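By numbering that gives the first Met the number 0, the letter at position 2 of the sequence shown is numbered 1, and the numbering carries on one by one without gaps.
Backbone N, C-alpha and C define an ideal beta-carbon position, used for all residues, glycine too.
Only a predicted model underlies this, so the values are computations on that prediction, with no experimental measurement involved.
Data first, discussion second: the structure below is written as structure tokens.
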Amino acid sequence: MTRDNNLLGKFDLTGIPPAPRGVPQIEVTFDIDANGILNVSAVDKSTGKENKIT
């Protein structure tokens, strides 16, 4: 089943300081707009670092 998946894109969320497992809090949002475009964003809650891809 995974062979049918298509890679739509990828990005890195860099600059996250080292921390014990479970400590970093990353909020990931997937949104499909009215035109059917997928928007993905990720934010590190402690540093505010953010990245997104459309």
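If I'm right that Thr53 touches Ile36 with Cβ under 8 Å, what's the distance once you round it to whole angstroms? Walking along the sequence shown from the start, residue 53 turns up at place 54. Walking along the sequence shown from the start, residue 36 turns up at place 37. About 6 Å separates the CB atoms of Thr53 and Ile36; that is less than 8 Å, so the two are in contact.
Is the stretch 0-11 touching the stretch 19-30, taking contact as three or more C-beta pairs under 8 Å? With the cut-off at 8 Å, the stretch 0-11 and the stretch 19-30 do not touch.
At the level of alpha carbons, what is the spacing between Gly8 and Asn34? Here residue 8 is taken as the residue at index 9 of the sequence shown, counted from 1. Here residue 34 is taken as the residue at index 35 of the sequence shown, counted from 1. So the two alpha carbons sit approximately 18 Å from each other.
Out of curiosity, what's the CA-to-CA distance linking Ser40 and Asn50? Within the sequence shown, residue 40 is the residue found at index 41, counting from 1. Within the sequence shown, residue 50 is the residue found at index 51, counting from 1. Going by the C-alpha atoms only, they are around 6 Å apart.
What's the gap between the Cα of Asn42 and the Cα of Asn4? On the sequence shown, position 43 is the one that residue 42 refers to. On the sequence shown, position 5 is the one that residue 4 refers to. The question names Asn, yet the displayed sequence has Val at residue 42. Roughly 25 Å between the two C-alpha positions.
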